[in-house]
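Encoded structure:
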C-alpha cells in the first residue's frame, strides 16, 4: 500500500533536433506535463503523453493539468493508503482522460517499485533485457530529404523504418523509399488521415511489401477498418483506435487489424497496457510499443513495457538523439544491433537531472495531502 504525501506538476519544453511533421501538423519542440509524487518511502515520476493541442486525442496539456489538479489528485489524496492496482477504481468517477490518469498511475507505480527496490520491467513480466528499435520518420519537405534521413537512421542501426503519410504524400514517396532500400522492414502510418473510399491508395501500397499500414482510417471506425483489411493484403495496425483492452478485443473479434500498437499513455497507463498486451496475445495478434516523442522518463517506461513477450515487432522507442540534443535524463543510446537496453534499476530506472529539469520547466504547481 502507498500513501501519496505530495504531487508536483511541471510543464516542460525541450527543442527537437529537427521538426517532426505528421498529418496532424508539425512540432518543433516537445512540450509535456511531468508529475512527481512523493510517498512515505520514495519519489515516483510519470510523464503525460498529451500534446499542446487536442489533435492526436481529445486530451491536451492544459486540459490534463486541470483534470489532474481538480479531480484526480484530490481523489488520490482522499484515498489514503492505496495499492496502485486500485487507482483505476479511485479515478473511475472521471470519464475518459486516460492520458491524465496514466500520468499519476505511472508515477505512483514508480514510487511503489522504488520503495521495494524492484524494477518496472520485472513487475510487468519482462522476458528480455533489450528491445529492438525502429524509427518514425515525419513527412519530409521532399523525397530527397526523406531518403537522406532514412539513410542516416539505417546507418545508426534502426531495425524498422516507419513513414508518416497523408493524402498526396503517400504512394510515390513509399515507392521511392522501397526502390532505394528494397530489403528493409518498412511501414507507413496515416494517423487516421484517410477514408474507406481511399482503398485504391492502400491497394497501391500493397505492392511495396510493407510490414503494416498503421491507423489508416478514423479512430472510431473499427468496422470500417475491418472492411479495409478484407480489401488489402498488407496488415492493418491500429493505434488511436485501441484505447483499452476492450477495444483490443473488439478489434480482434471484428478482424479490424492484424497488429496492435500499444501506447501505454493512450490506454490509461501501464496496467491497462499490460491487459491490452494479454488480449492481443490471446488472439495471436502481435503488438509493438509506439512512441509519443517522450522524454527519458516516458521513454524508459516504454522500454520496460516493450520487454513483454508479445511485443514481437520493433517499436518506436528510439534513442534519445533521435529527438533531443539534451534530454531530462541521461541519454538512451542505440546499440550496434539496433536495440536499447531495458532499465533494470528500481522503478523506471532513471531520474531526471535536476538542472536540466529546472531549465526546461515553464510552469510548476505543487499539491500537498491535507
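Residue numbers (the numbering used here): 385 to 754.
Every residue gets a Cβ at the ideal spot worked out from N, C-alpha and C, and that includes glycine.
In terms of residues, what are the limits of the beta strand (DSSP E) holding residue i?
i: residue 751; result: 745 to 752
i: residue 391; result: 388 to 406
i: residue 710; result: First-last for residue 710: undefined, no H or E at that position.
i: residue 519; result: 519 to 521
i: residue 590; result: Where residue 590 is concerned, there is no enclosing beta strand (DSSP E), given that its DSSP letter is neither H nor E.
i: residue 573; result: 570 to 573
i: residue 681; result: It is not in any beta strand (DSSP E) - residue 681 instead sits in the alpha helix (DSSP H) that spans 680 to 690.
i: residue 547; result: 545 to 548
Should residue i be labelled buried (16 or more other beta-carbon atoms within 10 Å of its own) or exposed?
i: residue 449; result: buried
i: residue 509; result: exposed
i: residue 678; result: buried
i: residue 491; result: buried
i: residue 525; result: exposed
i: residue 754; result: exposed
i: residue 717; result: exposed
i: residue 457; result: buried
i: residue 675; result: buried
i: residue 501; result: exposed
i: residue 386; result: buried
i: residue 539; result: exposed
i: residue 486; result: buried
i: residue 637; result: exposed
i: residue 762; result: The structure shown has nothing for residue 762, since the chain only spans 385 to 754.
i: residue 428; result: buried
i: residue 618; result: buried
i: residue 645; result: buried
i: residue 441; result: buried
DSSP beta-bridge partners for residue i?
i: residue 725; result: 514
i: residue 444; result: 435
i: residue 622; result: 644
i: residue 695; result: 671
i: residue 427; result: 422
i: residue 598; result: 573 and 621
i: residue 561; result: Paired residue(s): none; residue 561 is not in a bridge.
i: residue 731; result: 503
i: residue 553; result: 550
i: residue 466; result: 386
Looking at C-alpha atoms only, which residue of the options is the closest neighbour of residue i?
i: residue 529; options: 447, 426, 402 and 459; result: 402
i: residue 558; options: 582, 588 and 709; result: 588
i: residue 572; options: 549, 592 and 580; result: 549
i: residue 480; options: 452, 680 and 413; result: 452
i: residue 686; options: 431, 586, 478 and 470; result: 431
i: residue 445; options: 736, 522 and 649; result: 649
i: residue 725; options: 712, 485 and 701; result: 701
i: residue 534; options: 386, 635, 569 and 622; result: 569
i: residue 517; options: 546, 439, 398 and 495; result: 546
i: residue 349; options: 672, 578, 398 and 488; result: Because residue 349 is not part of the residues shown, which for the chain are 385 to 754, the question remains open.
i: residue 752; options: 417, 464 and 630; result: 464
i: residue 585; options: 621, 472, 555 and 743; result: 555
i: residue 694; options: 711, 665 and 714; result: 665
i: residue 706; options: 669, 400 and 495; result: 400
i: residue 651; options: 720, 482, 591 and 667; result: 482
i: residue 750; options: 417, 656 and 397; result: 417
i: residue 643; options: 659, 667 and 426; result: 667
i: residue 567; options: 582, 641, 576 and 592; result: 592
i: residue 551; options: 536, 714, 580 and 669; result: 580
i: residue 670; options: 699, 714, 425 and 653; result: 699
From what residue to what residue does the alpha helix (DSSP H) around residue i run?
i: residue 527; result: 527 to 540
i: residue 409; result: Residue 409 -> not in any alpha helix (DSSP H); beta strand (DSSP E) instead, spanning 409 to 423.
i: residue 660; result: 654 to 666
i: residue 489; result: 482 to 500
i: residue 612; result: 606 to 615
i: residue 463; result: 457 to 463
i: residue 506; result: 504 to 508
i: residue 631; result: 629 to 638
i: residue 473; result: 471 to 474
Under the assumption that residue i contacts residue j (Cβ atoms under 8 Å), give the Cβ distance between them as a whole number of angstroms.
i: residue 600; j: residue 564; result: About 24 Å separates the two Cβ atoms, so there is no contact after all.
i: residue 504; j: residue 731; result: 6 Å
i: residue 515; j: residue 691; result: 6 Å
i: residue 663; j: residue 688; result: So it is not a contact: roughly 19 Å between Cβ atoms.
i: residue 561; j: residue 542; result: About 14 Å separates the two Cβ atoms, so there is no contact after all.
i: residue 544; j: residue 493; result: About 29 Å; that fails the 8 Å criterion.
i: residue 388; j: residue 461; result: 6 Å
i: residue 499; j: residue 423; result: 7 Å
i: residue 392; j: residue 420; result: 5 Å
i: residue 396; j: residue 712; result: 7 Å
i: residue 598; j: residue 621; result: 4 Å
Could you tell me whether any non-hydrogen atom of the ligand FMN is closer than 7 Å to the CB of residue i?
i: residue 460; result: What this structure holds is no ligand at all, so the ligand FMN is not there to describe.
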